[in-house]
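For the record, the sequence lines run as chains E and B. Add 1 to a position in the first sequence, counting from 1, and you land on the number used in my numbering. Add 1 to a position in the second sequence, counting from 1, and you land on the number used in my numbering. Just so you know, even glycine gets a beta-carbon here, dropped at the ideal spot from N, CA and C. Bear in mind that the values here come from a model prediction, so they are computed numbers and not experimental data.
2 protein chains.
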Amino acid sequence: MGSIGRNSKCGQGNLDEVVQQFLERIGEILESECVREVSIDEVTEELKALTPLLRVVLSKWVPEIIYVLFIRGEAGFNELKRALNISSRVLSDKLGELEGKGIVVRGIDAQHKPPRVHYRLTKLGKELGLALIPTLLTIKRKLRQEAHSLNPLH
Amino acid sequence: MGSIGRNSKCGQGNLDEVVQQFLERIGEILESECVREVSIDEVTEELKALTPLLRVVLSKWVPEIIYVLFIRGEAGFNELKRALNISSRVLSDKLGELEGKGIVVRGIDAQHKPPRVHYRLTKLGKELGLALIPTLLTIKRKLRQEAHSLNPLH
DNA sequence: CTGAATCCTTTATGATACTG
DNA sequence: CAGTATCATAAAGGATTCAG
Chain E
2 MGSIGRNSKC
12 GQGNLDEVVQ
22 QFLERIGEIL
32 ESECVREVSI
42 DEVTEELKAL
52 TPLLRVVLSK
62 WVPEIIYVLF
72 IRGEAGFNEL
82 KRALNISSRV
92 LSDKLGELEG
102 KGIVVRGIDA
112 QHKPPRVHYR
122 LTKLGKELGL
132 ALIPTLLTIK
142 RKLRQEAHSL
152 NPLH
Chain B
2 MGSIGRNSKC
12 GQGNLDEVVQ
22 QFLERIGEIL
32 ESECVREVSI
42 DEVTEELKAL
52 TPLLRVVLSK
62 WVPEIIYVLF
72 IRGEAGFNEL
82 KRALNISSRV
92 LSDKLGELEG
102 KGIVVRGIDA
112 QHKPPRVHYR
122 LTKLGKELGL
132 ALIPTLLTIK
142 RKLRQEAHSL
152 NPLH
């Protein structure tokens, strides 16, 4: 169940597993001596550079928006609104911001009577969507474990 | 430069490259037909489940805190405060929240005269730190590209 | 349907001061 | 050093209304 990790239907194998392997792999790389040497000042500097975009990408609603667009390919305004359970104002603001940052593009299909609008991810947006998958899967796994341990049947 | 991706010093090879390969790999998996079939309702349901924890993990300051602790292994209160340029109240709140969620643990070393406190990531915290790496690297790459294209020398 | 405009409420955050 | 307490402000969010 769920959009990410529903792998049995995919010929390509288990996404969850691939992510798991990957996390182990970079875990090993990061464990290797070198990381511990990083000074607090270096980390501070790095964060200072990353923070502006980080704040946009990882702010409220944004990961959700990116995720929906990533999975669905595209979505209309009200479709997103319903999916996220968000007010139009906030959604409108966020989409505007994301468009400004080059993460999302707005398209209009004038064919329809009430012209239909749809949002899609740009290349950057797709990259971010992809990059968010490990975090989402990790959270998902955590929730599964909790559900498990609370369920007396397991 | 920077903490993530400073691979030349690591024997284990290029982190950036590993992340890149991984993203391509899961990109392929996700491209394979199956994803597009996911209904908007399924995505909505999934998000509803993920959101509570997602909001904690991806809220302001939290990714930064996790990242610093991830890279450094541990940090004291004021050390974090300086690194993030955050007020004590907010930091205190966030650390309390993260402790409550089992993402961070607080340790006290009573040996020191003013007892020294240090924060570390729990297993879950480390998993999340790991999972955040692709997002951070993607943002970092993006910033590098921008810097590049703005610089006439390149 | 797709939003922009308004108004209003609730958090979140920041600065400052203070304690053990 | 490691916070807590207080106060003031800004930012975020929601509800409603309206227009193209």
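C-alpha gap between residue i and residue j, whole angstroms
| i | j | result |
| --- | --- | --- |
| K114 of chain B | G77 of chain B | 15 Å |
| R26 of chain B | L24 of chain E | 13 Å |
| L144 of chain E | L51 of chain B | 8 Å |
| I67 of chain E | Q22 of chain E | 24 Å |
| L59 of chain E | P153 of chain E | 36 Å |
| A148 of chain B | L99 of chain E | 20 Å |
| V105 of chain E | D110 of chain B | 48 Å |
| E65 of chain B | K127 of chain B | 13 Å |
| S88 of chain E | N79 of chain E | 10 Å |
| G12 of chain E | E43 of chain B | Residue placement at G12 of chain E cannot be trusted, given a pLDDT of 46 that sits under 50; the coordinates are not used to answer. |
| G97 of chain E | Q112 of chain E | 23 Å |
| N15 of chain B | R90 of chain E | 43 Å |
| H119 of chain B | V39 of chain E | 17 Å |
| G101 of chain E | L54 of chain E | 12 Å |
| L92 of chain B | F71 of chain B | 17 Å |
Contact belief for residue i with residue j at Cβ below 8 Å, rounded distance in angstroms
| i | j | result |
| --- | --- | --- |
| R107 of chain E | I41 of chain B | No, R107 of chain E and I41 of chain B are not in contact; Cβ-Cβ is about 18 Å, not under 8 Å. |
| R56 of chain E | K49 of chain B | Rounded, the Cβ-Cβ distance is 24 Å, inconsistent with contact. |
Cβ-based burial, residue i [other Cβ within 10 Å; buried from 16]
| i | result |
| --- | --- |
| A132 of chain B | buried |
| A84 of chain E | buried |
| V63 of chain E | buried |
| G130 of chain E | buried |
| K95 of chain B | buried |
| E32 of chain B | exposed |
| E29 of chain B | exposed |
| E47 of chain B | buried |
| Q146 of chain B | exposed |
Run of the alpha helix (DSSP H) containing residue i, from where it starts to where it stops
| i | result |
| --- | --- |
| H149 of chain E | 124-151 |
| S60 of chain B | Element bounds for S60 of chain B: n/a, residue is neither H nor E. |
| K82 of chain E | 78-85 |
| L99 of chain B | 89-101 |
Proximal residues to residue i (C-beta, below 6 Å), its chain only, five neighbours per side dropped
| i | result |
| --- | --- |
| V20 of chain B | P135, L138 |
| R121 of chain B | E75, V106 |
| T45 of chain E | none |
For residue i, the first and last residue of its enclosing beta strand (DSSP E)
| i | result |
| --- | --- |
| V105 of chain B | 105-110 |
Same chain, Cβ closer than 7 Å to residue i, neighbours up to 5 away in sequence not counted
| i | result |
| --- | --- |
| G103 of chain E | T123, L125 |
Same chain only: Cβ atoms within 8 Å of residue i, ignoring 5 sequence neighbours per side
| i | result |
| --- | --- |
| R117 of chain E | G77, I109, D110 |
| V69 of chain E | A76, L81, A84, L85 |
| L151 of chain B | none |
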